[in-house]
Amino acid sequence: MLEAKPDLTGTTLLDYLQEQYPEHYDQTILRTLQCRVKQWRALYGPEREVIFRQQAVLAQQGFSDFTHPDNPVTIQSKAFPHLLYQFRLAYSGWRSVTVVQGGESYAALATGLQRALQRAVPALPHDAHPK
């Protein structure tokens, strides 16, 4: 029945079963039937569109990453021999880039992030400054 009409509810199915088999099914199985219908929909039901809405909120989210050695940065067609640390604000797209001498490390992350945040605070609108 669910294959033919996937929008049927557990209550509707229980009503049908009670009509067809009055001595076999009582109201106590409703919750179990609802759980089974939910399970069936998840496994075999029609596909549902999945949307992950992303709303950047002013002064609440930033992205942090290092360039990867397998994708070197080039300047005037010459490979730049150092990694870069980049921090970007999600809302405005403002970004800060710091040259990293050596590899990815906690020290490089801390230095790049501290530098970015010190530069970012004056760039924020007045009402978005941390309190």
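Numbering (the working numbering), first residue to last: -12 to 118. Heads up, the beta-carbon is just placed ideally off N, CA and C, and yes, glycines get one too. No experiment lies behind these values; they were computed from the predicted model shown.
- Exposed is the label assigned to SER92, since fewer than 16 other Cβ atoms lie within 10 Å of its Cβ.
- Non-local beta-carbon contacts of GLY32 in its own chain, meaning distances under 8 angstroms to residues more than five positions away in sequence, involve LEU(-11), PRO(-7) in chain order.
- A Cβ-Cβ distance of about 20 angstroms is found for the pair SER51 and PHE67, leaving them out of contact under the 8 angstroms criterion.
- Counting C-beta atoms within 10 angstroms of its own C-beta, VAL108 has fewer than 16 neighbours from the protein chains shown and is therefore classed as exposed.
- Contact between the region 18 to 26 and the region 46 to 61 is absent: fewer than three C-beta pairs spanning the two stretches fall below 8 angstroms.
- In the DSSP assignment, VAL86 is bridged to LEU71.
- In the DSSP assignment, ILE38 forms no beta bridge with any residue.
- In this structure VAL87 is buried. Its beta-carbon is surrounded by 16 or more other beta-carbon atoms within 10 angstroms.
- The DSSP-derived three-state label of GLY99 is helix.
- Pairing GLN26 with HIS69, the inter-Cα distance amounts to about 52 angstroms.
- For GLY32, the secondary structure class from DSSP, reduced to helix, strand or coil, is coil.
- LEU17 and ALA(-9) have their C-alpha atoms some 21 angstroms from each other.
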